[in-house]
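Enquirer: What follows is a single structure, and I will ask about it in a moment.
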Amino acid sequence: MLRLTLRTLLARKVRLLMSGLAIVLGVAFLAGVLVFSNALSATFDGIINGSTPDGVVRAQDTDEFSGGVGGQSAQAMTPEVVASLAALPEVARADGDVAGAGLNLLASDGTLVGGTGAPTLSFNYHDGPNMRGEQALLLQKGRWPTADGEVVLDQRAAESGGYDIGDEVKLLAPFGELSRTARLVGIAEFNGGGTAGATLLILSTHEAQEIFYQGRDVFNRISLTAADGVTQKELAAAADRVLPPGFEAVTGTKVAKDSQDAVGGFLDVITIFLTVFAIIAVLVGGFIIVNTFSILVAQRTRELALLRALGSSRSQVTRSVLVEAFVLSLVSSTLAIGLGLLLARGLAAMFRSFGLDIAGRALDLTGDTVLTSYAVGIVVTMVAAYLPARRAGRVPPVAAMRADTTPERSSLRRRVIVGSAVLAIGAGFAAYGVRDSDALWIGVGAVLWILTVAALSPVIGKPVLAACRTLFAALFGAAGRLAGENALRDPRRTGATASALMIGLALVSTIGVLAASLNASVDDVVDDQFTADLLVQSPTFLPFSTEIGDRIATIDGVGVMTRQQFTSARYDDGSVFVAGVDDRFADVFDLDAVHGADRVSEDGAVVTTDFAAEHDMAVGDAVDLSFPGAQRLRAEIVGVVEQSEVTSEITVPLDDLAAAGVLRQDTSIGILLAPGADPRTVHDRVDEAATPAPIVGVYDKTEFADEIRGQVNQLLYIIYGLLALAIVIAVIGIVNTLGLSVIERTREIGLLRAVGMSRAKVRRMVTLESVTIAVLGAVLGMALGLLVGTLLQRALAEDLTSLGLPIAQLVAFLVVAIVVGVLAAVIPAIRAARLDVLDAIANE
Amino acid sequence: MQAVAARAIDLHKRYGAGDSEVRALDGVSLDIAAREFTAIMGPSGSGKSTLMHCLAALDTPTSGDVQIGDVTLSGLRDKALTTLRREQIGFVFQAFNLVPTLTARENILLPLYLAGRRGSFGGADREWFDTVVDTVGLRDRLTHRPSQMSGGQQQRVACARALVSKPSIVFADEPTGNLDSTSGAEVLGFLRRSVDEFDQTIVMVTHDPVAASYCDRVVFLADGRIVDEIRTPDREQILEHMTALQAAAVRGQA
Ligand SMILES: Nc1ncnc2c1ncn2[C@@H]1O[C@H](COP(=O)(O)OP(=O)(O)O)[C@@H](O)[C@H]1O
Ligand SMILES: [Mg+2]
């Protein structure tokens, strides 16, 4: 029996290859994501481990990897502290670090390098070793910076800036005077591989102190190297004894782990995001396997019946189909893993364009990846093949004698009854989700709906198929009519094939509705909450020098200007976002006070309703915030306000932030025009004031809304791109079904040719059938997507204030579906047209 | 001299090569007279189907030529052949004659519809359609699909389809092969009437002497060659000729 199975497998190589392809693509995507995310963490692990010393002295409550958004603490240590540490017997050497964020690299044409993706890291150079006793930084070219006005960059930064060694490099300073220059003296990277996309600015110690501490001879970190035989713990303990208050010594291992945890959260988001799409692709592939095996079993009814008549048992027949599936899944998964490696490279290239640079040699297979890929490929295929295999076992021996080979099909009644019930349950979940504004329940309902609609597609889809038949008959005559009839001939097959496409389009349209709603809501939100006439800020909320504000303040036509600085602080063992605002903030922006005041006052903070509820606080209570270096800020809550786009969890006066040791920078500047001022002229002047700092943009309301829309749309296109794979797999499904149908209808096509159907018409007939399937999938998918998207908008109405229907996009999807249908039919149509009339009508 | 509807000129058809070569047709020349009902008979494997396929522009001979009316087939491209089949030739096969997704009426009108005569699932030459349908006696079956009809009814639909486009010649390959004798008689009677009443030309392959007795002329094939021929035969005559041929074949082998 096994040999027979393998023979059958080999005899239908092409057909199996096609169904295998569905699995290959899905699993390849999964393998690619796994390889990529392993490489992602390997890259960061390499850099973190390669650049962390035995021990680190840092300000207490420092956030590792805050990405520069949190600003810079004024807390620092003098060279005497470094000397006293170096003098300890446990310490082999102590090197003072000056590391800061906010210094940016400008290209030779004045545009920003990096900046909006991965962070720009600036620090002083010293040759302190990492935990393994190796150099923490590797020089690739030139030399290290030794004097003021010298800088070392990483390779990518130098390239994208258009700088060679010896060139004058343009820099954008975080404090004071905006523009600086330095001479490029070398190229370096982290020990451990590359920079993961970050831009490196390595300076001499004095220069770094100049930029970040106005020339004070201080350090904000100290790297410790343990003496021989001293453990990291002993080192940290010894160092702790001589430190000034507000600073702590931690082991290198802990620093590395903290960094990995901080990065890990962010990397997990990427991995989970990609994995979701891989799972979708695998599931769509599973659908196609079910369908292909069903058709194959149906076509082999006679052969299977003969086997049964000759004495094989039901389970033998079932098993033979399952063995076939197993071999198929094994071969497919193997191919998939190879393809996955390539896909991982594609993903890496995509993320590189977003500024996340992965060490190429990290893109490699691990045992886990191989195992997971095989497991998923095999399990999905076997599960998908199970039902068709069982049906194969049920073929009665008499079927061998019957002329017509179409096996009897149980009625769809039970499917309809069970399906309707599940649809109702899904509707229940969705209704609950809308009522409680909980998108999760709508998601659960949507998954139930998608699966049921797939199962019910033979019934639900009939009107669509009939409409296609009428339309195509009117447009294309005989070929169109016959195509419509063929699609209707076995609605289960048509429905199952269309369902694969339906899933993809349901997701795409849901996302489309959400994005359109978001785009539509942006105007509402901007009108309602961004009451400033002009807004100056970086798209990623990077802080910038107060000098920009100083320049703007002098511009004619600027009526009211308010500055805002964001930072993070520790509260109650957690991290909170704190905004410092000046006293004109409330004149520009309207905060909705629920209790108390709508504006801050001296030592008086305003919190959002969410924050107040979470921490059970009210007007009159005190909040205690801690900042790096044991700096505390105690403020009384003077108002509780509605959450909005311009509120932070806690808002305090700017001066209080400065008093807590946060170096003054601005994150956002809001401007009201002076009465009678010409908006265009003022806009131009503010633009001019901000030109030296390309990290910030100047936006009026429309531009601000457009900026947000641009970001939404970018994400939208990424998601569309990732869903495209599911659609490609669905196309393979259509190719498969059509190919098998053409084989099944060989004689019928021969007859049509004999009575005068031309080759072109045969091709058209197959193509139109394919288009019918694709349109069915598109219509069902888009209908579901519209429904789910609308419900989600309802549930999220607080943020998505208005519903947007992406009509143009939906039309485009329908057109894409038709094109997909045409493309999927190319090969089956050619094969059908090539069928030899004689073969087709020959009596066996 | 009667008009010639189709003509075979020294047809050869070989399959395979070397030891396994089969000469399915080995020099067949034949005129099919217009408005006649011609039967092609012969033992299984004698080349009947091959001859018919070549005559009907379904297959190309290895050498020799075929004319339908005054059109010579050799050198025609697929497109021209398709048009020729659609407009000049009607077919009835032994089995699988109908498109399962279409009703009887639609199956009958299929050749017209394929010719692109829009809306002709209804239009066409209404009168002729009615005549044909009434002659085959299918008036009350027109809206049925093939799966709802008996084998005899299906073959009659196939006959109606073969006639509806008024082809210059109809080819039938064992049209009664799968039918019981009553249904077979109905189909044959109908073919006979279409020759007598509508001046149709029909060529039928059969190995059933009863079927052949409906014909004006019987051509006998053996080993890819025409070996005998009789006109206006009855059943006994045909049986005699068949027996004689078999005896000759046995002698030939001995
Ligand atoms: N496609 C083919 N390939 C090889 N041999 C064929 C093919 N078709 C027919 N033959 C051979 O040609 C001969 C004539 O076949 P056919 O015309 O079908 O005979 P008949 O219809 O009289 O039974 C037979 O020996 C048959 O085996
Ligand atoms: Mg034959």
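Protein sequences appear in the order of chains P and L. With positions in the first sequence counted from 1, the corresponding number in the numbering used here is that position plus 384. With positions in the second sequence counted from 1, the corresponding number in the numbering used here is that position plus 24. Every residue, glycine too, gets a C-beta built ideally from N, C-alpha and C. Quantities reported herein were computed from a predicted structural model and do not represent experimental measurements.
#1: Since P:Gln921 contacts P:Thr1051 with CB under 8 Å, what's their CB separation in whole angstroms?
#2: Tell me the rounded alpha-carbon separation between L:His265 and L:Asp223.
#3: Could you check how far apart the C-beta atoms of P:Val1159 and P:Cys852 are, in whole angstroms? I think they sit under 8 Å.
#4: To the nearest angstrom, how far is the alpha carbon of P:Val1155 from that of P:Phe856?
#5: Let's see if you can read the secondary structure: which residues bound the alpha helix (DSSP H) around P:Met1149?
#6: Are there 16 or more other CB atoms within 10 angstroms of the CB of P:Lys397, so buried, or fewer, so exposed?
#7: May I ask which residues mark the beginning and end of the beta strand (DSSP E) holding P:Val1082?
#8: Listing by chain order, which chain P residues have their CB less than 8 Å from the CB of L:His77?
#9: Where does P:Val1030 sit, in a helix, a strand or coil, going by DSSP?
#10: Less than 8 Å between CB atoms is the rule here; does L:Tyr137 satisfy it with respect to chain P?
#11: Measuring from the CB of L:Val46, is there a heavy atom of ligand 1 at a distance below 7 Å?
#12: Between the segment 1130-1158 of chain P and chain L, which residues of the former have a C-beta closer than 9 Å to a C-beta of the latter?
#13: Check whether the Cβ atoms of P:Val569 and P:Val536 lie closer than 8 Å to each other.
#14: Can you give, in chain order, each stretch of the alpha helix (DSSP H) that sits fully within the segment 545-608 of chain P and has at least 4 residues?
#15: Keeping to the same chain, check which residues put their C-beta closer than 7 Å to that of P:Ala541; ignore five residues upstream and five downstream.
#16: Run the proximity test for L:Ser70: is its beta-carbon closer than 7 Å to any non-hydrogen atom belonging to ligand 1?
#17: Rounding to the nearest angstrom, what Cα-Cα distance links P:Gly545 and P:Ser492 in this structure?
#18: Which of the three DSSP states, helix, strand or coil, is assigned to P:Leu749?
#19: Given this structure, state the Cα-to-Cα distance separating P:Val1210 from P:Phe973, to the nearest angstrom.
#20: Using beta-carbon positions only, say whether P:Leu1009 and P:Val942 come within less than 8 Å of one another.
#21: Is L:Gly320 close to ligand 1? I mean its beta-carbon at under 7 Å from any heavy atom of the ligand.
#22: For L:Ser87, verify whether its CB is less than 7 Å away from any heavy atom of ligand 1.
#23: Give a yes or no on whether 8 Å exceeds the smallest Cβ distance from L:Arg109 to chain P.
#24: Beta carbons nearer than 9 Å to chain P: which residues of the segment 181-201 of chain L have them?
#25: Which whole runs of the beta strand (DSSP E) in the segment 194-219 of chain L are 3 residues long or more, in chain order?
#26: Output, in chain order, the set of chain P residues within a Cβ distance shorter than 9 Å of L:Leu97.
#27: Would you mind reading off the limits of the alpha helix (DSSP H) that contains P:Thr881?
#28: Within this structure, are the beta carbons of L:Asp240 and L:Phe61 separated by less than 8 Å?
#29: What's the gap between the Cα of L:Val229 and the Cα of P:Gly888?
#30: Find the residues of chain L that neighbour P:Ala862, judging by a C-beta separation of less than 8 Å, and give them in chain order.
#31: Report the CB separation of P:Arg1215 from P:Val1126 in whole angstroms; it is logged as a contact under 8 Å.
#32: To which residues does DSSP link L:Lys190 through a beta bridge?
#33: Given a limit of 9 Å on CB to CB distance, which residues of the segment 872-886 of chain P reach chain L?
#34: Unbroken beta strand (DSSP E) runs of length 3 or more, entirely within the segment 908-976 of chain P: which are they?
#35: Check for me: the alpha helix (DSSP H) holding P:Arg369 runs from which residue to which?
#36: Can you find the residues in the same chain that come closer than 6 Å, C-beta to C-beta, to P:Leu1056, ignoring five residues on each side of it along the sequence?
Expert: Quick look at the numbers:
#1: Along the first sequence, read from residue 1 onward, the residue named residue 921 of chain P stands at position 537. Along the first sequence, read from residue 1 onward, the residue named residue 1051 of chain P stands at position 667. Going by Cβ atoms, the distance from P:Gln921 to P:Thr1051 rounds to 6 Å, so yes, they are a contact pair.
#2: Residue mapping note: residue 265 of chain L aligns to position 241 of the second sequence, counting from 1. Residue mapping note: residue 223 of chain L aligns to position 199 of the second sequence, counting from 1. When rounded, the distance between both Cα atoms is 28 Å.
#3: On the first sequence, position 775 is the one that residue 1159 of chain P refers to. On the first sequence, position 468 is the one that residue 852 of chain P refers to. Indeed, because the Cβ distance is near 6 Å, the residues count as touching under 8 Å.
#4: Mapped onto the first sequence, residue 1155 of chain P falls at position 771. Mapped onto the first sequence, residue 856 of chain P falls at position 472. Roughly 10 Å between the two C-alpha positions.
#5: Counted from its first residue, the first sequence places residue 1149 of chain P at position 765. Run containing P:Met1149: 1143-1179, per the alpha helix (DSSP H) assignment.
#6: As a working note, residue 397 of chain P is residue 13 in the first sequence. Exposed, because fewer than 16 other Cβ atoms sit within 10 Å of the Cβ of P:Lys397.
#7: Residue 1082 of chain P sits at position 698 when you count from the first residue of the first sequence. Counting along the chain, the beta strand (DSSP E) containing P:Val1082 begins and ends at 1081-1083.
#8: To locate residue 77 of chain L, count along the second sequence from 1; it is residue 53. What L:His77 touches in chain P: Leu1222.
#9: Mapped onto the first sequence, residue 1030 of chain P falls at position 646. Correct three-state label for P:Val1030: coil.
#10: In the second sequence, the residue the question calls residue 137 of chain L occupies position 113. Closer than 8 Å to some Cβ of chain P, the Cβ of L:Tyr137 qualifies, so yes.
#11: For the purposes of this step, residue 46 of chain L is taken as residue 22 along the second sequence, with counting starting at 1. Yes; taking the cut-off as 7 Å, the Cβ of L:Val46 has a heavy atom of ligand 1 nearer than that.
#12: Arg1131, Glu1132, Gly1134, Leu1135, Leu1136, Arg1137, Ala1138, Val1139, Gly1140, Met1141, Ser1142, Arg1143, Ala1144, Lys1145
#13: Translated into the one-based positions of the first sequence, residue 569 of chain P becomes position 185. Translated into the one-based positions of the first sequence, residue 536 of chain P becomes position 152. Yes; because the gap between Cβ atoms is below 8 Å, this pair is in contact.
#14: 589-597
#15: Sequence index remark: in the first sequence, residue 541 of chain P carries index 157 (1-based). Answer for P:Ala541: Leu489, Val497, Gly498, Thr583, Leu584, listed in chain order.
#16: Residue mapping note: residue 70 of chain L aligns to position 46 of the second sequence, counting from 1. Within the cutoff, so yes.
#17: Here residue 545 of chain P refers to the residue found at position 161 of the first sequence. Here residue 492 of chain P refers to the residue found at position 108 of the first sequence. Near 6 Å, if we compare the C-alpha coordinates of P:Ser492 and P:Gly545.
#18: Position 365 of the first sequence holds residue 749 of chain P. DSSP places P:Leu749 in coil when its eight states are reduced to three.
#19: As a working note, residue 1210 of chain P is residue 826 in the first sequence. As a working note, residue 973 of chain P is residue 589 in the first sequence. Just so you know, the alpha carbons of P:Val1210 and P:Phe973 end up roughly 60 Å apart.
#20: The residue given as residue 1009 of chain P occupies position 625 in the first sequence. The residue given as residue 942 of chain P occupies position 558 in the first sequence. Contact: no.
#21: For residue 320 of chain L there is no data in the structure shown, the boundaries of chain L being 25 and 278.
#22: Here residue 87 of chain L refers to the residue found at position 63 of the second sequence. No, since every heavy atom of ligand 1 falls outside the 7 Å radius drawn around the Cβ of L:Ser87.
#23: Sequence index remark: in the second sequence, residue 109 of chain L carries index 85 (1-based). Yes, its Cβ sits closer than 8 Å to a Cβ of chain P.
#24: Going along the segment 181-201 of chain L in chain order, one finds Arg185, Ala186, Ser189, Asp197, Glu198, Gly201 with a Cβ nearer than 9 Å to chain P.
#25: none
#26: The residue given as residue 97 of chain L occupies position 73 in the second sequence. In chain order: nothing, as chain P lies at least about 14 Å away.
#27: Walking along the first sequence from the start, residue 881 of chain P turns up at place 497. Looking at the DSSP string, the run of the alpha helix (DSSP H) that includes P:Thr881 is 875-913.
#28: Within the second sequence, the letter at position 216 stands for residue 240 of chain L. Within the second sequence, the letter at position 37 stands for residue 61 of chain L. Taking 8 Å as the Cβ cut-off, L:Asp240 and L:Phe61 qualify as a contacting pair.
#29: Residue numbering aside, residue 229 of chain L sits at position 205 when the second sequence is read from its first letter. Residue numbering aside, residue 888 of chain P sits at position 504 when the first sequence is read from its first letter. In this model, L:Val229 and P:Gly888 are separated by some 54 Å (Cα to Cα).
#30: Locating residue 862 of chain P in the first sequence gives position 478, counting from the first residue. Around P:Ala862, the beta-carbon contacts reaching into chain L at under 8 Å are Leu134, Tyr137, Leu138, Gly140.
#31: Within the first sequence, the letter at position 831 stands for residue 1215 of chain P. Within the first sequence, the letter at position 742 stands for residue 1126 of chain P. About 6 Å separates the two Cβ atoms, so the contact holds.
#32: Numbered from its first residue, the second sequence carries residue 190 of chain L at position 166. Its beta-bridge partners do not exist; DSSP assigns none.
#33: Leu872, Arg873
#34: Taking only runs of at least 3 residues, the beta strand (DSSP E) segments lying wholly in the segment 908-976 of chain P are 918-921, 942-955, 958-965.
#35: Residue 369 of chain P is absent from the model: chain P starts at 385 and stops at 1228.
#36: Walking along the first sequence from the start, residue 1056 of chain P turns up at place 672. Result list for P:Leu1056: Asp917, Gly943, Val944, Val972, in chain order.
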